[in-house]
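For the record, in the sequence shown the residue sitting at position 135 is 136 according to this note's numbering, with numbers rising by one throughout.
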Amino acid sequence: MANEPGATEAPVGESAGPAGADGTAPRPRFVAVGAGRMGRGIAIAFAYAGHRIALVDLRPRSDEAWARLTTEATAEIEGALRGLARQGVLREEQVAPIAARVQLVRVDEAPAALAAAELVFEGVPETMEAKREAFDWLNRHCRDDAILTSTTSSILVTQLAALVRRPQRFLNMHWLNPAYVIPVVELSCHAGTDPEVLARTKALLEAIGKLPVVCGPTPGYIVPRLQALVMNEAARMVEEGAATAEEIDKATRFGLGLRFAALGVVEFIDFGGCDILHHASREMSQTIDPARYAAPAIVEDMVRQQRLGLKTGSGFYAYEGRDLAAYRADVLARTLAQLRSAGMWRGPQDETLA
2 MANEPGATEA
12 PVGESAGPAG
22 ADGTAPRPRF
32 VAVGAGRMGR
42 GIAIAFAYAG
52 HRIALVDLRP
62 RSDEAWARLT
72 TEATAEIEGA
82 LRGLARQGVL
92 REEQVAPIAA
102 RVQLVRVDEA
112 PAALAAAELV
122 FEGVPETMEA
132 KREAFDWLNR
142 HCRDDAILTS
152 TTSSILVTQL
162 AALVRRPQRF
172 LNMHWLNPAY
182 VIPVVELSCH
192 AGTDPEVLAR
202 TKALLEAIGK
212 LPVVCGPTPG
222 YIVPRLQALV
232 MNEAARMVEE
242 GAATAEEIDK
252 ATRFGLGLRF
262 AALGVVEFID
272 FGGCDILHHA
282 SREMSQTIDP
292 ARYAAPAIVE
302 DMVRQQRLGL
312 KTGSGFYAYE
322 GRDLAAYRAD
332 VLARTLAQLR
342 SAGMWRGPQD
352 ETLA
């Protein structure tokens with residue numbers, strides 16, 4: 002986690018929403034709509050960072066059903082925080098105060114919570130009907146300057162923007178599970194998303210220790226699109242008998258995973274050379290599957306233009322004028338840091354005589 006949990010009070014400098022109906026506690030600036038797994042994860046992320054957040058359930062429920070939901074949600078939130086305490090990233094006595102920053106809100110209290118919100122996360126089930134109903138609520142009750150987002154993993158931002166009043170304040174926001182642990186949050190904008198709205202959203206996420214990355218209105222965002230290919234190929238290798246699940250997992254954790262933790266995927270292409278990817282793709286397209294392993298046109302073009310990456314001074318990134326020795330040393334330091342973290346680096350051994 003990037004932020005140490007603070008005291009039970011709101012962080013210094015945090016702006017408060019309008020006071021509640023009883024004139025006491027100000028309402029949270031942040032609202033997660035949908036009290037399921039994703040909403041709870043987002044709530045933990047904000048509460049851990051010192052913010053109060055409303056977790057709104059829009060489904061009408063009996064008193065008994067509401068009591069079951071609140072008990073379940075509270076237990077999950079407290080359980081997740083206790084799991085962090087067991088890992089030493091917070092103290093056990095901080096669990097209850099942090100969990101208390103999450104305010105569970107029933108449907109009849111939702112309008113007041115939404116009216117106070119600066120940033121809203123829609124996380125209802127993945128159907129257009131459910132999304133339409135949720136955004137009807139948000140359109141009616143959120144203030145005009147509130148940023149509205151959807152945490153959908155499957156519906157394009159361009160499809161959902163049509164449901165939003167003032168769509169310039171709308172974007173998709175894809176959190177990676179567990180939402181309160183993984184720093185990356187993927188932001189998918191449509192053509193009408195206001196750049197100022199994007200900047201505000203990024204700043205709010207960065208303030209709680211997250212790392213926002215931006216993509217266009219593309220299926221699968223960035224991470225799911227890449228990881229689906231890797232996971233499917235791993236499953237095929239097991240199916241074909243190429244390797245066992247255990248051997249594949251060792252190779253990915255301590256080979257593929259370590260390298261891509263030190264170097265981004267595109268940076269890795271440049272570091273090794275685009276021609277290496279070109280030749281590897283050609284060989285595997287001939288021996289495994291021509292459709293799965295054919296290099297995209299951009300790789301063919303870069304090889305033809307001799308834009309091979311680090312070794313030619315230009316690739317996906319430009320290297321002209323860069324201190325390449327310092328860059329290589331930085332890459333080595335990043336890689337060694339990952340190896341040390343994984344407990345896989347051994348120091349030099351003294352010579353032994355037979």
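In this text, a Cβ means the ideal position worked out from N, Cα and C, and glycines have one as well. Source: prediction; values computed, not measured.
- DSSP links tryptophan 176 through a beta bridge to Val186.
- In the three-state reduction of the DSSP assignment, phenylalanine 255 falls in the helix class, which pools H, G and I.
- The beta carbon of glutamate 123 sits closer than 6 Å to the beta carbons of Val34, Ala135 and Ser151 from its chain, once the five residues preceding and following it are set aside; these are given in chain order.
- Lysine 132 is classed as buried because its beta carbon has at least 16 other beta carbons within 10 Å across all chains shown.
- For the 7 Å CB-CB criterion, valine 96 and alanine 81 do not form a contact.
- The beta carbons of proline 213 and leucine 205 sit no closer together than 7 Å.
- The straight-line gap separating the alpha-carbon atoms of phenylalanine 31 and alanine 338 is approximately 36 Å.
- Under the 10 Å beta carbon count, glycine 217 is surrounded by fewer than 16 other beta carbons and is classified as exposed.
- If you draw a straight line from the Cα of proline 61 to the Cα of isoleucine 78, it is about 22 Å long.
- Within the stretch 266-320, the runs of alpha helix (DSSP H) at least 4 residues long that lie entirely inside it are, in chain order, 266-273, 275-288, 291-294 and 298-305.
- Within a 10 Å sphere around the beta-carbon of lysine 251 sit fewer than 16 other beta-carbons, which makes this residue exposed.
- The straight-line gap separating the alpha-carbon atoms of tyrosine 318 and alanine 76 is approximately 47 Å.
- Going by beta carbons, histidine 280 and alanine 296 fall outside the 7 Å limit.
- Counted as a single uninterrupted DSSP element, the stretch harbouring glutamate 123 is not any alpha helix (DSSP H) but the beta strand (DSSP E) occupying residues 120-123.
- Distance from the CA of arginine 201 to the CA of arginine 237, rounded to the nearest whole angstrom, comes to 42 Å.
- Straight-line spacing of the CA atoms in alanine 243 and threonine 253 works out to 14 Å.
- For the beta strand (DSSP E) assignment, the uninterrupted runs of no fewer than 3 residues enclosed by the stretch 131-165 are, from N- to C-terminal side, 148-151.
- When C-beta atoms of the stretch 264-275 are compared with those of the stretch 308-318, three or more pairs fall below 8 Å, so the two segments count as touching.
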